[in-house]
Amino acid sequence: MDRGLRLLRFFFVNVPYELLKDKYWDLFVSYRISPEIYFSPSLLDRWPEAEWKEMAQSLRELGMKATFHAPFYDLSPGALDEKIRQATLERLVQVLELASIFHPQAIVAHLGFDPRIHESYEEEWLENSLKTWQAIIPLLKKVGTFLNLENVFENTPELFKKLLSKINSPYIGICFDYGHTKAFTNTGLRNWQEIFPWVRQLHLHDNQGQKDDHWGLGKGILDFSALFSKLKQYNCYPIITLEPHTEAAFWDTLDYLNRLPEDIYAYLEKCGQINGQIL
Numbered sequence: 377m378d379r380g381l382r383l384l385r386f387f388f389v390n391v392p393y394e395l396l397k398d399k400y401w402d403l404f405v406s407y408r409i410s411p412e413i414y415f416s417p418s419l420l421d422r423w424p425e426a427e428w429k430e431m432a433q434s435l436r437e438l439g440m441k442a443t444f445h446a447p448f449y450d451l452s453p454g455a456l457d458e459k460i461r462q463a464t465l466e467r468l469v470q471v472l473e474l475a476s477i478f479h480p481q482a483i484v485a486h487l488g489f490d491p492r493i494h495e496s497y498e499e500e501w502l503e504n505s506l507k508t509w510q511a512i513i514p515l516l517k518k519v520g521t522f523l524n525l526e527n528v529f530e531n532t533p534e535l536f537k538k539l540l541s542k543i544n545s546p547y548i549g550i551c552f553d554y555g556h557t558k559a560f561t562n563t564g565l566r567n568w569q570e571i572f573p574w575v576r577q578l579h580l581h582d583n584q585g586q587k588d589d590h591w592g593l594g595k596g597i598l599d600f601s602a603l604f605s606k607l608k609q610y611n612c613y614p615i616i617t618l619e620p621h622t623e624a625a626f627w628d629t630l631d632y633l634n635r636l637p638e639d640i641y642a643y644l645e646k647c648g649q650i651n652g653q654i655l
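For this note's numbering, count along the sequence shown from 1 and bump the result up by 376.
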């Protein structure tokens, strides 16, 4: 088997539900790619439960797993406006209700702190965010899944450390997005490695350090071998999600995976084994 195609078995690939159903289902099935499914707010409001149950059953029968990406546009888990925070919580609860159908291995949600807006109100934002995540922990326990908070505009790991220390729950961890650190903050691995003990999931895509391009791996300036080596040093073997935003980026990533050295290949395979993707 092609090395890149075999490596795909170790990963999830992010895809909006509608695109998975209407365009890419055959591709995912033919390569046995486990999807990280994004559910849009409009889809959650429409709630096509029979359709979801059919897809979830098909994934189980094919031996494919799933993770979720929760809605994030306009949402703010630590909002200073209580009505906005409640609306955010309602969306997250919807995703947890949907999780009872698919039983995803994990759910990704954006932490949602933007220092350009919230910097002067960090403590208040932190307390409001804490209330939001604490409210969904019982639902995570009930469904039997985990939630991982993703970095986007946050320019340091400090807020993640403060929040997770306060939450102190095995049901909530971190999804580290290496591409976002370059696109939005121009920070490096040395700035973020202190949160690696909390990292349970990775989002991988590439860029030139100017915007969130979501290119295929190897097409930008990010050093993924350094990332994998550093995670290994921290004994961190997370769920790994690829986030190509075009078909070309997907095939570019596959080409990159084909060229990985054996030690990195072995690390990625161990991630897949630990997270139950390789039997």
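Ideal Cβ positions, reconstructed from N, Cα and C, are used throughout, including at glycine.
These figures come from a predicted structure and were not determined experimentally.
Counting the other CB atoms within 10 Å of its CB gives lysine 558 a total of 16 or more, which places it among the buried residues.
Between histidine 579 and cysteine 612, the C-beta spacing is not below 7 Å. Around the beta-carbon of tyrosine 414, 16 or more other beta-carbon atoms lie within 10 Å, marking it buried. Burial check for asparagine 544: the Cβ neighbour count within 10 Å stays below 16, so the residue is exposed. Of all alpha-carbon atoms in Glu619, Asp421, Ile513 and Ser452, the one lying nearest the alpha-carbon of histidine 486 is that of Ser452.
Remark: C-beta atoms of leucine 516 and leucine 523 approach each other more closely than 7 Å.
Runs of the alpha helix (DSSP H) lying entirely within the stretch 420-468, each at least 4 residues long, are 425-437 in chain order.
Residue Ser406 holds the alpha-carbon nearest to the alpha-carbon of leucine 381 among Leu396, Ser406 and Lys397. Contact between proline 620 and histidine 581 holds, with the beta-carbon distance rounding to 6 Å and staying under 8 Å. Bridge pairing for glutamine 577: Cys551 and Ile615 [DSSP].
With a cut-off of 8 Å on Cβ pairs, the stretch 600-610 is not in contact with the stretch 472-489, counting fewer than three such pairs.
The beta carbon of leucine 419 lies closer than 8 Å to those of Tyr393 and Glu394 in the same chain, with the five residues before and after it left out. Note: proline 411 is bridge-paired with Val389 in the DSSP secondary-structure output. In the three-state scheme derived from DSSP, where H, G and I count as helix and E and B as strand, isoleucine 597 is classed as coil. In the three-state DSSP reduction, leucine 603 falls in the helix class (H, G or I). For valine 471, the three-state secondary structure derived from DSSP is helix.
Per the coordinates, the alpha-carbon of glutamate 645 lies some 7 Å from the alpha-carbon of leucine 383. Lysine 518 and tyrosine 643 have their alpha carbons spaced roughly 32 Å apart. Partner residues in the beta bridge of leucine 525, as assigned by DSSP, are Ala485 and Ile550. For phenylalanine 404, the enclosing alpha helix (DSSP H) covers residues 401-406.
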